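Okay, structure first, notes after.
Protein chains: 4
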Amino acid sequence: MDRQPAPAPEDHRTRVAAERRERMHSRLVESALLVFGQRGVDASIIDELISTAGVSRGTFYNYFRTNEDVLVAVSVAVSNEMLRVVDPFAHAEPDPAARIAVGMRLFLGLAEEFPALGAFLSRGGVRVLRGNGLINEYLPRDLIQGRDSGRFPIAETAPAFDMVVGSTLAALHRMQSGGLPDGHASTLASLALLALGLPADEAESIAQRPLLKLELAPDSLLARAGGGRK
Amino acid sequence: MDRQPAPAPEDHRTRVAAERRERMHSRLVESALLVFGQRGVDASIIDELISTAGVSRGTFYNYFRTNEDVLVAVSVAVSNEMLRVVDPFAHAEPDPAARIAVGMRLFLGLAEEFPALGAFLSRGGVRVLRGNGLINEYLPRDLIQGRDSGRFPIAETAPAFDMVVGSTLAALHRMQSGGLPDGHASTLASLALLALGLPADEAESIAQRPLLKLELAPDSLLARAGGGRK
Amino acid sequence: MDRQPAPAPEDHRTRVAAERRERMHSRLVESALLVFGQRGVDASIIDELISTAGVSRGTFYNYFRTNEDVLVAVSVAVSNEMLRVVDPFAHAEPDPAARIAVGMRLFLGLAEEFPALGAFLSRGGVRVLRGNGLINEYLPRDLIQGRDSGRFPIAETAPAFDMVVGSTLAALHRMQSGGLPDGHASTLASLALLALGLPADEAESIAQRPLLKLELAPDSLLARAGGGRK
Amino acid sequence: MDRQPAPAPEDHRTRVAAERRERMHSRLVESALLVFGQRGVDASIIDELISTAGVSRGTFYNYFRTNEDVLVAVSVAVSNEMLRVVDPFAHAEPDPAARIAVGMRLFLGLAEEFPALGAFLSRGGVRVLRGNGLINEYLPRDLIQGRDSGRFPIAETAPAFDMVVGSTLAALHRMQSGGLPDGHASTLASLALLALGLPADEAESIAQRPLLKLELAPDSLLARAGGGRK
DNA sequence: CATGAATGAGGGTTCATTCAT
DNA sequence: CATGAATGAACCCTCATTCAT
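Residue numbers (our numbering), protein chains in the order written: chain H, 1478 to 1707; chain R, 1478 to 1707; chain D, 1478 to 1707; chain W, 1478 to 1707.
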């Protein structure tokens, strides 16, 4: 019995260590989301980050090498979270116009419900959206589908893209400095659909549709770092 | 001669000194515009600024007290320059829809023609537009006039404002990363007018109108710091 | 079978464990020799050492407590290795002059043949030779014997010691930056014998004698870490 | 009179500033000599350097960028100082054998008289002598001249170079750990001349010649940082 | 007012060492 | 004993700001 080769001790230790690393990484990303939102994405963040996360200076450098590294990690995590939320809607809804309107409203809705997310996105601006699937994959696909199907009588998608994304970001900024009036997001979506060529009544009716309640996984980045729902 | 009663010699010296101050101030603002555009508005700027302007560290502090001071000064100067360009158009054009379309196109046109300006506005983002008369006075006025006159069938001006400003800034960012395709600005303006409620043909025809050539004073900030026209 | 009375199982396990410790210790010392040679004896070494040796950080601290500890261990090991090589020659040769000449040539010969050793001795300089038996026991003994027997007409051994050791180390440094020309070691030994008072022809003939080929134990530190013979 | 154009104010200010820079540079080099001698040339030195020199952290970086920068600056300064001392002797003495013996003794004499210099040279070892004119220009020249004139019956200068330099450095190390016995330097020089081929009596008589007292400029690096004469 | 050397707070980064698993 | 994540002291470096000239 004492000749038994110790049942894969490495495996166990390795797995435990990997899990610990994973948890610490998440903890740092969560804290970074908060701090970036409060201080801006260009701020020198490390001191505040480690004190927020309650870890040592050295630990930070075991996970990231630069400020920029952290920003990228947070951006990726945020993008993934948002996709997880939006994906079900996107698959259920066949109309690109509706998908765009819902996308704008969900984006703003998330930012409103999770102030940390809103602050981060607002502070980070375009830089933080570089790899955002919601914006860089879903939206272009919807615009193209809408144009090709004749629903959007537009020649180019680029101006439409700028219009949808720009409008939404402008509203996000407005939210950060005082909050959005009731119905702002819906009205904005309505304007966007108008611009894309829908008739006024249809634009309005699509943009006003009730939005299903968001469902987040309990271990979600937003749920944990979001500062709780508004 | 300089032994004469010296008719108010202080006046003369004072005036000369004031002019010198004025010139140095402009020189610093011009250099700052360039440097902010290249390095971003959050960068540590002073070293590069004074070497660009060719003055000493101490001189800088005779004119500004902090980094932020400089940013404000540049923003104000830029805003004034832009107003000086746009004002004639604004007074000549009675239709608020046309004024908005022209405003968007001129804004993007200036940024394109003067890369330093474009870079500065893009890098500075919203922060730099805080006191911009073009955006914060002219645009709201036009939107209200359009709504009140029934030309824009909208209830609120805020979403429309976000849409116009956001679209334009998104196009500005696009310009900074690769330039705008031909006709992008006009098409964008056309989308904006559509969103504001104009019929498609009218939106298009207004947005496509030829734009008068910009005229800059020879001593203009843009003419001097803009790196020359594109 | 393993249910047998197990004749002194502790003995066996203890012995196996001791052998494992011994092997790990050697592995660390070998790696340290390499790393000290490449990066210098003052470099921060532990990271590179453990990755070279392929062990974990914690394991290192099971064998050494500080950087300096490792340096001492390597120095001792190196000194012992060198003695093992030189001892046979020293016992076989009755003439102190010949022993000194052979010692200088063997020292340089080993450093040349085992680059890792050469780099280590050169980088470590005097610090690493503190406990070196070859230098601190054999050489003084030879000098005293030569002086007392009248072969070296010198009053003090200290200057002679400095001359022999210093010359050899200078040649070692030369070797590290470009290698030694043919015959350099022999000529140097000849100069040393001249300085010790031998007639020119005798000095030369002793210093030129052919050197027996070095023989290393196959498990020798040098054989394993030396990077193979040159 | 008040129209007078201020007689070259820049010249004056510029000159004063340059002198200030010069003085600060010297102050830093002096302090660095001390600190390198105490802590070794590989030590992290900046903190101690600035506190020794009594300047701020920032000032250091106005003059040097790295640890290595400082080491080079000190090495150059030391080399120049030593040359200034040795040069008169070198020019007055036609015999290369005598020049070499005097060189060795002066080198060791300086190191003994100015402990800071001795410590620095000893700690820095060969690295610090890279650009040393005394060693890299004067000595090779003397060896070649001696060989070509037949005074040194040697075929190669390289082993002789190693012997002279190595012996001297070994004595320097001995000095650092307990000081040199009386006559050590002279005896060492005598051994060196013997090795170079001089007859014993001549070697001895040259190496024993009284050495003229060293004269240092009062603003010399050694006089100021040397910790005073021994 | 212009100059530029000096300052030092603020932040960045490494690495020897500890310790729970 | 082996492992490797976590620690924090000790460095490194920049740059906004001051101030004597």
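Every residue gets a Cβ at the ideal spot worked out from N, C-alpha and C, and that includes glycine.
Given the structure is predicted, the values throughout are model-derived calculations rather than measurements.
Please state whether the Cβ-Cβ distance between residue i and residue j is less than 7 Å.
i, j, result
"H1502 of chain H", "Y1540 of chain H", "yes"
"V1506 of chain W", "A1550 of chain W", "yes"
"H1650 of chain H", "V1603 of chain R", "yes"
"A1574 of chain W", "L1675 of chain W", "yes"
"A1669 of chain W", "S1644 of chain W", "yes"
"A1509 of chain H", "V1547 of chain H", "yes"
"V1605 of chain R", "L1583 of chain R", "no"
"G1517 of chain D", "A1596 of chain D", "no"
"M1559 of chain R", "L1611 of chain R", "yes"
"L1665 of chain R", "P1636 of chain H", "yes"
"I1527 of chain H", "N1544 of chain H", "no"
Hey, quick one: how far does the alpha helix (DSSP H) through residue i stretch, first residue to last?
i, result
"L1668 of chain D", "1661 to 1673"
"F1638 of chain R", "1635 to 1653"
"I1631 of chain W", "Run containing I1631 of chain W: none; DSSP gives neither H nor E here."
"A1694 of chain W", "Neither: A1694 of chain W is in no alpha helix (DSSP H) and is coded neither H nor E."
Return the chain-ordered list of same chain residues with a C-beta closer than 7 Å to the C-beta of residue i, the five sequence neighbours on each side being excluded.
i, result
"V1493 of chain W", "none"
"R1628 of chain W", "P1573, A1574"
"I1621 of chain R", "T1634"
"I1683 of chain W", "A1574, A1575, A1578, L1670"
"H1661 of chain R", "A1648"
"R1600 of chain D", "F1513, G1514, G1517, V1518"
"G1608 of chain D", "S1552, V1553, S1556"
"Q1481 of chain D", "With a pLDDT of 49 at Q1481 of chain D, under the threshold of 50, the modelled position of this residue cannot be trusted; read the value that follows with caution. Here the set comprises nothing."
"R1498 of chain D", "none"
"R1701 of chain R", "E1507"
Quick one: residues in its chain with C-beta nearer than 6 Å to the C-beta of residue i, no 5 flanking neighbours on either side, listed in chain order?
i, result
"G1531 of chain D", "none"
"E1525 of chain R", "V1512"
"M1640 of chain W", "A1672"
"M1478 of chain R", "Annotation note: pLDDT 41 at M1478 of chain R (below 50); position unreliable, no value reported."
"S1626 of chain W", "none"
"A1569 of chain H", "none"
"M1581 of chain D", "T1645, A1666"
Given residue i, which residues of its chain have a CB within under 8 Å of its CB, disregarding the five upstream and five downstream residues?
i, result
"Q1685 of chain D", "S1663, S1667"
"P1484 of chain H", "Because P1484 of chain H sits at a pLDDT of 45, beneath the cut-off of 50, its placement in the model cannot be relied upon, and the point is left open."
"L1657 of chain D", "L1585, E1589, A1648, R1651"
"R1533 of chain D", "Here the sequence assigns Ser to residue 1533 of chain D, which means Arg is not the residue at that position. Once the five neighbours on either side are set aside, the close Cβ partners of S1533 of chain D are I1527."
"R1504 of chain H", "A1530, V1532"
"A1694 of chain D", "R1561, A1700"
- What alpha helix (DSSP H) runs, 4 residues minimum, are completely inside the segment 1501 to 1588 of chain D? 1523 to 1530, 1534 to 1540, 1544 to 1569
- alpha helix (DSSP H) runs contained entirely in the segment 1583 to 1621 of chain D, provided each spans 4 or more residues: 1592 to 1601
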